[in-house]
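Data first, discussion second: the structure below is written as structure tokens.
Residue numbers (our numbering), protein chains in the order written: chain A, 13 to 127; chain B, 599 to 709.
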């Protein structure tokens, strides 16, 4: 079946612009996660949605970052007033449920470059 | 101190070698543990979960020592296709799926 898809695959933007990154999880998966991977850094948790519960936003690095998940499916990560340090690969993952022992399936990521 | 620490390597080994990776984690409340594999410029994929009793999947053996907060991965009879970055991953407090990743250990298997 279809895996997690993300768009765009690459995004180049100028410092100060807003960007939106999209994630389509695997159909039927109730949990959706956003991570980012910067050069020389490990994967860093950003935000997590589980069903209709309030999202866990504890990993968002600043209030310029926000995310929403509409209809329990597609999610959009928005970065406002982008900075050069926001350059990274943004990865989305989904799992059947939001519990630790459910395997997370990752999308191919969006490579964001802020110039 | 990072929550999950790994030796970044690279580990350069010949085909057929046995290689071991280790990692330590700082949160004693972590409940679930994993090894993920990430190929160059690709997304991470689950390699195996790690259980306290130790577990094996073919050439791969994972061990967990909760008292020492230490996780290991052993790869026997290395193949060229094992070349990748291996990520040690733990969950945060509680049993949610929020994953905390180590920086990864790079393995290069040479003919």
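Virtual Cβ for every residue (Gly too), placed ideally from N, Cα, C.
Indicate the three-state DSSP secondary structure (helix, strand or coil) for residue i in the structure shown.
i, result
"residue 679(B)", "helix"
"residue 95(A)", "coil"
"residue 82(A)", "helix"
"residue 72(A)", "coil"
"residue 616(B)", "coil"
"residue 687(B)", "strand"
"residue 34(A)", "strand"
"residue 127(A)", "coil"
"residue 17(A)", "strand"
"residue 600(B)", "coil"
"residue 638(B)", "coil"
"residue 655(B)", "strand"
"residue 45(A)", "strand"
"residue 701(B)", "coil"
"residue 62(A)", "strand"
"residue 610(B)", "strand"
"residue 660(B)", "strand"
Could you give the distance in angstroms between the alpha-carbon of residue i and the alpha-carbon of residue j?
i, j, result
"residue 684(B)", "residue 669(B)", "12 Å"
"residue 625(B)", "residue 634(B)", "19 Å"
"residue 641(B)", "residue 655(B)", "21 Å"
"residue 637(B)", "residue 85(A)", "27 Å"
"residue 613(B)", "residue 80(A)", "46 Å"
"residue 708(B)", "residue 615(B)", "10 Å"
"residue 42(A)", "residue 605(B)", "34 Å"
"residue 608(B)", "residue 83(A)", "44 Å"
"residue 35(A)", "residue 16(A)", "7 Å"
"residue 110(A)", "residue 630(B)", "13 Å"
"residue 657(B)", "residue 62(A)", "35 Å"
"residue 628(B)", "residue 667(B)", "9 Å"
"residue 68(A)", "residue 51(A)", "25 Å"
"residue 44(A)", "residue 75(A)", "20 Å"
"residue 66(A)", "residue 97(A)", "28 Å"
"residue 693(B)", "residue 653(B)", "20 Å"
"residue 702(B)", "residue 64(A)", "33 Å"
Less than 7 Å separating the beta-carbons of residue i and residue j?
i, j, result
"residue 112(A)", "residue 49(A)", "no"
"residue 18(A)", "residue 119(A)", "yes"
"residue 695(B)", "residue 621(B)", "no"
"residue 23(A)", "residue 124(A)", "yes"
"residue 687(B)", "residue 632(B)", "yes"
"residue 88(A)", "residue 32(A)", "yes"
"residue 2(A)", "residue 58(A)", "Nothing can be reported for residue 2(A): it is not among the residues displayed for chain A, which extend from 13 to 127."
"residue 611(B)", "residue 651(B)", "no"
"residue 681(B)", "residue 706(B)", "yes"
"residue 698(B)", "residue 601(B)", "yes"
"residue 115(A)", "residue 644(B)", "yes"
"residue 47(A)", "residue 103(A)", "yes"
"residue 106(A)", "residue 20(A)", "no"
Are there any heavy atoms of the ligand GTP lying less than 6 Å away from the beta-carbon of residue i, as far as the coordinates show?
i, result
"residue 48(A)", "In the structure on display, the ligand GTP does not appear, and there are no ligands present to speak of."
Check whether the stretch 82-93 of chain A touches the stretch 659-667 of chain B, counting contact only when three or more Cβ pairs, one atom from each stretch, lie closer than 8 Å. no
At a CB distance below 7 Å, what residues from the stretch 94-120 of chain A approach chain B? Give them in sequence order. 103, 107, 110, 111, 112, 113, 114, 115, 116, 118, 119, 120
Chain A contacts from the stretch 652-668 of chain B (Cβ-Cβ distance under 7 Å): none
For the stretch 60-86 of chain A, which residues have a CB atom closer than 9 Å to at least one CB atom of chain B, in sequence order? 60, 62, 68, 70, 71
Listed in chain order, which residues of the stretch 686-700 of chain B have Cβ atoms closer than 7 Å to some Cβ of chain A? 689, 693, 694, 695, 696, 697, 698, 699, 700
For the stretch 38-56 of chain A, which residues have a CB atom closer than 9 Å to at least one CB atom of chain B, in sequence order? 43, 45, 47, 49, 52, 53, 54, 55, 56
Taking Cβ-Cβ distances below 7 Å as the criterion, which residues of the stretch 608-632 of chain B are in contact with chain A? Hits within the stretch, in order: 629, 630.
Given a limit of 9 Å on CB to CB distance, which residues of the stretch 641-652 of chain B reach chain A? Cβ contacts with chain A: 641, 642, 643, 644, 647.
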